[in-house]
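Enquirer:
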Amino acid sequence: MKICPNCGHDNPEGVNFCENCGTDLRSETAGQTDSDQQKTCPRCQALNPQDSRFCENCGYDFEAPDPKQPDTEAAESSAPTPAKPAAKTPASEPQVAPVEPVAPKKVATRPQAPDNQVTSQPAPKENKSKRQWVISAVILILLICGGGYLLYSNGSHAAKPARSEKKASSQAQRRQSSSSQATSHQATVNFNQTEIKDAVTAALDPLQGTSSAYVSPVDSSQSVVVNNGSQSAASSIKVFILVTAYAMAKEGVFDLDATHTVTDSEKVGGTGVIQDMDAGTKLTYREVLQHMIDDSDNTGANIMIAKMGGFSLINNKIKSMGATDTKLQRKMMDTDAIEDGRDNTTSARDLGMTLKKIYNHQLVSKTADDDMLEILANNRNRAKLPKLLPSEAKVYNKTGEYADYGVQNDAEIVANKRGAFVAVVLAQDGKEADQVSAMNQLGLKLYQNILE
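Counting along the sequence shown from 1, when you hit position 60 you're at 56 in the numbering used here, and nothing is skipped either side.
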């Protein structure tokens, strides 16, 4: 048998050319010599130089331990293709033609590569799969985020009216003090300016002397003002002393919790309870202010005037609050000052606007305004505007009276579940009985027209 040095095929002794690849086999001696110097690939049977590590035909590693024998199918499918086929002759063509079906094309479709190549082939698929997964995840996340943004945008636009309504409601609630249990609702408060003005003029026109009035809902710019002007304030001036004290406390220049020791020399007559306290009694300035409003304490008012710095400082504070008709020019019970033409003055509008700002927490601060409302709510004199009101009405007021000069004043905030309004009446140079009676009737008429 002759072994083809090119493809390793066994040929009969008498043939000159390889029946498989057509290689010239006529040099037998050379062929045998070459065969002795070559080694056969156990995988594809191809001959390779003795010093080759890898098969020149299939890449088999000759140094690999105990290679597995290829099965029949692998051997058949990996039949070698001649590297350099000899020139075809008429005699060899019939033998070469059958080799075409086992050309290396099949090798490309079979996993016959060396071991070090087989393990690395799946990597591209794995990487591709990972890339596809990552791309899909990113697309999904973008879709979710985009959808969420659209939903949020639509929801935000739809929610704006609701948030605005909620904000408006919260602001309205904040305007109510902790002492005030009534809530002001403009929609349920009746304020017919013509009817209110008719009621005011009907009550005040019959009175002797000078009378004026101011009426307004707390949550509206509407108002009725009749005969407004600067008039004798009497004890109504104490509202402005109260406000000045809280304003100075907010600024840090006055301590409401500091202690005052009562002396006999500072006591004055008229209304109040401090004049009856023993000398040496200690009161905080908060307590002095409470007596000044709730008991209309004249001694308390004079103590505060002195401790806060006198007339000029207090008048500057009053002016800064917008009360341009109001002036503090004397201490309480200083009749000599009155005779000299120096009296404390205010107007219905000044008092009304000041009470309105306190109720709406627009004067000093929410805490300070609430404290002042609580003091006004505890006033003991309800004999004028609030006298005929039903028990459900919540009243914050401060009166002023100086009968010797025909002065009867009252400034009030009245509230119930429907809302609240401010009413002020100042009357001077008249008869006390007529003035007080007119205020009683007007107070009830206003309540019925506005809050019922």
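The C-beta atom is built at its ideal place from N, Cα and C for all residues, glycine as well.
Measuring CA to CA, which of Ile446, Gln444, Val420 is closest to Ala435?
Expert: For the purposes of this step, residue 435 is identified with residue 439 of the sequence shown, where counting begins at 1. Correcting the residue identity first, residue 435 is Met in this sequence and not Ala. Of the listed residues, the one whose Cα sits closest to Met435 is Val420.
Enquirer: Could you tell me which residues DSSP pairs with Ala198 in its beta bridges?
Expert: For this step, residue 198 is matched to residue 202 along the sequence shown. Bridge partners of Ala198: none, in fact.
Enquirer: What are the residues that DSSP puts in a beta bridge with Asn393?
Expert: In the sequence shown, residue 393 corresponds to position 397, counting from 1. For Asn393, which the question treats as bridged, DSSP gives the partners Glu408.
Enquirer: Among Gln34, Arg39, Glu52, Cys51, which residue has its Cα nearest to the Cα of Pro45?
Expert: Counting from 1 along the sequence shown, the entry for residue 45 is found at position 49. Comparing Cα-Cα distances from Pro45 to each of Gln34, Arg39, Glu52, Cys51, the minimum goes to Gln34.
Enquirer: Per DSSP, which one or two residues make a beta bridge with His287?
Expert: Taking the sequence shown and counting its residues from 1, the one referred to as residue 287 is at position 291. For His287, which the question treats as bridged, DSSP gives no partner whatsoever.
Enquirer: Determine the extent of the alpha helix (DSSP H) in which Lys456 is found, giving its start and end residues.
Expert: Limits of the chain in this structure are -3 at one end and 448 at the other, which puts residue 456 out of reach.
Enquirer: Should Ser387 go down as buried or exposed, given a rule of 16 or more other Cβ atoms within 10 Å for buried?
Expert: Indexing the sequence shown from 1 puts residue 387 at position 391. With fewer than 16 other Cβ atoms within 10 Å, it is exposed.
Enquirer: Assuming Tyr281 contacts Ala364 (C-beta within less than 8 Å), just tell me the rounded distance between them.
Expert: The residue labelled residue 281 in the question sits at position 285 within the sequence shown. The residue labelled residue 364 in the question sits at position 368 within the sequence shown. So it is not a contact: roughly 13 Å between Cβ atoms.
Enquirer: Helix, strand or coil for Leu438 per DSSP?
Expert: Translated into positions along the sequence shown, residue 438 becomes position 442. Residue state, collapsed to three classes: helix.
Enquirer: DSSP three-state label for Leu21, please.
Expert: Along the sequence shown, read from residue 1 onward, the residue named residue 21 stands at position 25. Coil at Leu21, not helix or strand.
Enquirer: Within this structure, are the beta carbons of Leu384 and Ile409 separated by less than 9 Å?
Expert: Residue mapping note: residue 384 aligns to position 388 of the sequence shown, counting from 1. Residue mapping note: residue 409 aligns to position 413 of the sequence shown, counting from 1. Cβ distance not < 9 Å, so Leu384 and Ile409 don't count as in contact.
Enquirer: Could you have a look at Lys323 and say whether DSSP puts it in helix, strand or coil?
Expert: Counting from 1 along the sequence shown, the entry for residue 323 is found at position 327. Residue state, collapsed to three classes: strand.
Enquirer: Examine the Cβ distances between the stretch 233 to 241 and the stretch 281 to 293 and report whether three or more of them are shorter than 8 Å.
Expert: Taking 8 Å as the limit for Cβ pairs, the verdict is that the stretch 281 to 293 does touch the stretch 233 to 241.
Enquirer: Tell me the DSSP bridge mates of Gly415?
Expert: Locating residue 415 in the sequence shown gives position 419, counting from the first residue. Answer by DSSP bridge pairing, in chain order: Asn412.
Enquirer: Using the DSSP secondary-structure output, state which residues sit across from Ala423 in a beta bridge.
Expert: Along the sequence shown, one-based indexing puts residue 423 at 427. Ser207, Gln404, per the DSSP bridge assignment.
Enquirer: Using DSSP with H/G/I as helix, E/B as strand and the rest coil, what is Val264?
Expert: Within the sequence shown, residue 264 is the residue found at index 268, counting from 1. The answer is coil: DSSP assigns Val264 none of H, G, I, E or B.
Enquirer: Between which two residues does the alpha helix (DSSP H) harbouring Thr363 extend?
Expert: Position 367 of the sequence shown holds residue 363. Note, Thr363: alpha helix (DSSP H), 362 to 373.
Enquirer: Please report the straight-line C-alpha distance between Gly266 and Gly348, rounded to a whole angstrom.
Expert: Counted from its first residue, the sequence shown places residue 266 at position 270. Counted from its first residue, the sequence shown places residue 348 at position 352. In a straight line, the C-alpha of Gly266 is about 26 Å away from that of Gly348.
Enquirer: Report yes or no: is there a C-beta of chain D within less than 9 Å of the C-beta of Glu52?
Expert: In the structure shown, chain D does not exist; there is a single protein chain.
Enquirer: Thinking Pro213 and Gly415 are a contact (beta carbons under 8 Å), I'd like their distance in whole angstroms, please.
Expert: Numbered from 1 along the sequence shown, position 217 holds the residue referred to as residue 213. Numbered from 1 along the sequence shown, position 419 holds the residue referred to as residue 415. With 8 Å as the limit, Pro213 and Gly415 qualify as a contact, their Cβ atoms being about 6 Å apart.
Enquirer: Could you spell out the range, first to last residue, of the beta strand (DSSP E) harbouring Leu43?
Expert: As a first step, residue 43 is located in the sequence shown; it is residue number 47 there, counting from the start. Counting along the chain, the beta strand (DSSP E) containing Leu43 begins and ends at 43 to 45.
Enquirer: Name the one or two DSSP bridge partners that Lys35 has.
Expert: One-based indexing of the sequence shown puts residue 35 at position 39. Asn44.
Enquirer: Could you spell out where the beta strand (DSSP E) holding Lys278 opens and where it closes?
Expert: Translated into positions along the sequence shown, residue 278 becomes position 282. Unbroken beta strand (DSSP E) run through Lys278: 278 to 280.
Enquirer: Excluding five sequence neighbours on each side, which residues of the same chain lie with their C-beta closer than 7 Å to the C-beta of Lys313?
Expert: For the purposes of this step, residue 313 is taken as the residue at position 317 of the sequence shown. Excluding sequence neighbours, Lys313 sits near Thr240, Ala243.
Enquirer: Answer yes or no: do Gly268 and Asp251 have a C-beta to C-beta separation smaller than 9 Å?
Expert: Counting from one through the sequence shown, the residue named residue 268 turns up at place 272. Counting from one through the sequence shown, the residue named residue 251 turns up at place 255. It is not a contact, given that the beta carbons lie outside the stated cut-off.
Enquirer: Where do the ends of the beta strand (DSSP E) carrying Thr255 lie?
Expert: Taking the first residue of the sequence shown as position 1, residue 255 is located at position 259. First-last of the beta strand (DSSP E) with Thr255: 255 to 257.
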